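Position one of the sequence shown corresponds to residue 66 (our numbering), numbered consecutively onward.
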Amino acid sequence: MLLSVRLYYLQVQPSTQVQGELQNHQIETLSELNYRILDTNGKDLLNYKKKYVLVIDSRPFKLNNYEETLEDLLALNFIMKSEDTNFNYSDIIALNGKTYYDEITEETYNKIKKLNNIKGIYLYVYDMVDSSEGWRIENFIANIREDNIVEGSFQHQILDIVGENEYPSISFNLDQKANYTESILNYGENNKNLKLTINKEWEEKIRDILLDDSYSFLENIGVVLLESETGKIRAMVQKDESKANVNLGIGTIGYEPGSIFKVLTEAIGLDLGKISSSSVFTCEGKICTKLGEQYAHGDLTVDEALQVSCNDIFAKVGELSGYENMIEYTEKLGLYQKILGLSGENKEEAAGVKATYEDGVSNFSIGQCVTVTPLQIAGAINAVVNDGVYIKPTIIDSIIDNDDNEVEHIEVEGKRVFSETTAKIVQDSMTNVIWKGTGYEAKVEGITQGGKTGTSTGEGGKTNHGWFAGYFEMDGKKYTLLVVAPNIGDNHPDGRELGGGNTGAPIFRQIINSLISNN
66 MLLSVRLYYL QVQPSTQVQG ELQNHQIETL SELNYRILDT NGKDLLNYKK
116 KYVLVIDSRP FKLNNYEETL EDLLALNFIM KSEDTNFNYS DIIALNGKTY
166 YDEITEETYN KIKKLNNIKG IYLYVYDMVD SSEGWRIENF IANIREDNIV
216 EGSFQHQILD IVGENEYPSI SFNLDQKANY TESILNYGEN NKNLKLTINK
266 EWEEKIRDIL LDDSYSFLEN IGVVLLESET GKIRAMVQKD ESKANVNLGI
316 GTIGYEPGSI FKVLTEAIGL DLGKISSSSV FTCEGKICTK LGEQYAHGDL
366 TVDEALQVSC NDIFAKVGEL SGYENMIEYT EKLGLYQKIL GLSGENKEEA
416 AGVKATYEDG VSNFSIGQCV TVTPLQIAGA INAVVNDGVY IKPTIIDSII
466 DNDDNEVEHI EVEGKRVFSE TTAKIVQDSM TNVIWKGTGY EAKVEGITQG
516 GKTGTSTGEG GKTNHGWFAG YFEMDGKKYT LLVVAPNIGD NHPDGRELGG
566 GNTGAPIFRQ IINSLISNN
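Pasting the structure below:
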């Protein structure tokens with residue numbers, strides 16, 4: 066009753082001063098982002114949280130007529146007290162300008178939306194990007210800001226594309242009765258949007274596998290999936306997307322690749338004519354171990370040495386190829402350089418570290434004393450899978466307008482690094498690793514596939530990284546798939562010593578089975 070008396074006193078005869086000060090329209094932005102991020106099939110990659118907003122403009126609000134609007138004003142007061150126990154519309158009258166209530170619930174929003182007689186209020190919905198998993202590809206692309214952008218960086222390239230975009234906005238206009246009516250002012254019809262190479266459906270399938278309870282003993286897992294012929298990144302995910310991106314080596318100098326590097330060592334030796342896959346070498350057990358003890362494999366062909374991941378023999382292959390040749394080839398394969406080019410504070414993509422001559426080509430050739438990012442090494446191995454042609458992995462497929470018309474297609478040219486013959490031979494060796502060697506836990510019946518296990522030393526030599534890198538065919542296309550489990554520790558829950566064979570390999574198998582199940 067007191068509120069009603071107060072309202073009548075202030076509003077039954079509104080002043081001409083208030084009427085004269087009214088602004089005829091208000092403009093509100095409807096989204097945190099002024100561009101869209103879509104997957105390769107045109108699906109929106111971003112998850113949004115809706116923010117429901119009530120705005121009360123005190124000046125037209127004071128024009129509410131006691132006899133016409135009291136019922137709705139009392140309803141507004143009642144509804145808003147569920148949001149703010151101190152809410153009182155008579156207090157609003159005493160204010161100047163607009164008051165925003167930007168944390169009301171959807172239920173409250175819908176109830177107030179039905180109150181059509183109140184002057185000086187309007188509502189809208191604001192889209193906020195759900196960035197709780199900040200290192201999803203789409204989320205770090207959506208979180209690019211102009212502050213501290215590094216010239217030439219990935220972020221700088223994105224801003225060059227979307228920098229002139231307008232934010233979606235809505236106009237609220239006062240009519241002659243001081244009621245706000247809404248009309249779309251701008252929906253970004255001239256904006257440029259990003260269509261990524263990512264397949265959202267495939268990424269979700271991979272995430273389901275990584276989050277399975279059977280891998281709860283692994284703190285994090287990174288996965289990169291490349292379409293071999295184009296170098297397009299079809300998936301790049303990790304188990305815990307709230308942590309710095311594993312696949313880009315954020316916050317690290319990269320990771321030692323360990324024995325997956327032997328795929329490149331074999332390819333380099335073959336391409337230089339230093340070896341054939343049937344060349345026989347003797348493993349004397351100088352740097353090979355089994356169950357923690359030195360172990361000599363004896364006489365093996367290069368193909369057999371890859372199957373059992375013999376360090377001694379691949380050290381000899383590397384010595385035959387020579388340090389300079391190893392560096393030259395691996396540079397052509399995209400190692401020691403950023404792939405996407407992400408730069409900035411807490412967002413620095415690792416470039417990796419070259420093995421020095423002093424480190425020894427023997428160590429270099431078995432993936433020690435060198436660091437890479439999973440994305441880098443996936444791209445390098447993809448050159449073998451792609452019949453010898455290296456294509457720098459890409460994440461942006463095209464630029465599209467708001468009607469999904471292609472404005473510009475992003476083209477990436479490949480360059481031949483290995484002969485086709487060399488690549489085919491190494492592909493066969495990788496197949497034998499799965500069917501005859503250490504990669505048996507990656508085996509999928511009925512498809513063409515190949516791969517290589519790897520276990521490498523972590524920081525300070527205290528822990529290990531488990532790797533599996535390989536390829537498979539699906540629907541007439543080849544794909545390169547890499548799995549890395551950083552900092553795996555020592556023992557598997559089943560008691561076995563942990564390595565790439567019992568971490569990366571089974572995940573590799575499950576991902577392939579999941580992807581081919583609906584194809």
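By construction, the Cβ of each residue, glycine as well, lies at the ideal position given by its N, Cα and C atoms.
This structure is a prediction, so every number in the text was calculated from the model and none was measured.
For H530, the number of other beta carbons within 10 angstroms of its own is at least 16, and it is reported as buried. Judged by beta-carbon spacing, L398 lies within the 8 Å limit of L329, meaning their Cβ atoms are closer than that value. The three-state secondary structure of R299, taken from DSSP, is strand. For I158, same chain residues with a beta-carbon under 7 Å away, outside a window of 5 residues either side, are L75, S123, F126, K127 in chain order.
Contact annotation: I577 and P458 have beta-carbon atoms that are not nearer than 8 Å. Cβ-Cβ separation between K116 and Y232: approximately 14 Å, too far for a contact (criterion under 8 Å).
Using a Cβ-Cβ distance cut-off of 8 Å, the stretch 548-565 and the stretch 267-287 are in contact, since at least three pairs of beta carbons, one from each stretch, lie closer than that value.
For E349 against A361, the beta-carbon gap comes to about 5 Å, under 8 Å, which counts as contact. For the beta strand (DSSP E) assignment, the uninterrupted runs of no fewer than 3 residues enclosed by the stretch 216-265 are, from N- to C-terminal side, 234-239, 245-251, 258-261. The stretch 561-569 makes contact with the stretch 502-514, as at least three CB pairs between them are under 8 Å. Per DSSP, the continuous alpha helix (DSSP H) segment holding D156 begins and ends at 154-158. L188 sits buried, since 16 or more C-beta atoms from the chains shown fall within 10 Å of its C-beta. Beta-bridge partners of T94 (DSSP): S234.
Counting only runs of at least 4 residues, the stretch 450-505 fully encloses the following alpha helix (DSSP H) elements, listed from N- to C-terminal order: 485-501. Taken in chain order, the complete alpha helix (DSSP H) segments of 4 or more residues contained in the stretch 401-443 are 426-430. Boundaries of the alpha helix (DSSP H) around D377: 376-386. Per DSSP, S341 has no beta bridge partner at all. Close CB contacts of W200 within its chain, under the 8 Å cut and outside five residues either way in sequence, are with Q303, E306, S307, K308, A309, N310, I315 (chain order).
Rounded to whole angstroms, the gap between the alpha carbons of G217 and G406 is 8 Å. For A550, the uninterrupted beta strand (DSSP E) segment begins and ends at 542-550.
G453 is classed as buried because its beta carbon has at least 16 other beta carbons within 10 Å across all chains shown.
Under the 10 Å beta carbon count, V498 is surrounded by 16 or more other beta carbons and is classified as buried.
Membership of D192 in the beta strand (DSSP E) is indicated by the continuous run 186-194. Between the alpha carbons of Y280 and V118 lies a gap of roughly 42 Å.
If you draw a straight line from the Cα of E268 to the Cα of A300, it comes to about 5 Å. Per DSSP, the beta-bridge partners of D109 are L103.
As computed with DSSP, S521 is found in a beta bridge with H530. Secondary structure note for V328: its alpha helix (DSSP H) is the uninterrupted segment 327-336. G511 counts as exposed, since fewer than 16 other beta carbons sit within 10 angstroms of its beta carbon. By the 16-neighbour rule on beta-carbons within 10 angstroms, S427 is buried. With three or more CB-CB distances shorter than 8 Å, the stretch 412-422 counts as touching the stretch 316-328. In the assembly as shown, G162 is an exposed residue. Its beta-carbon has fewer than 16 other beta-carbons within 10 Å. Secondary structure note for K178: its alpha helix (DSSP H) is the uninterrupted segment 171-178.
In this chain, the alpha helix (DSSP H) harbouring T134 covers 131-146.
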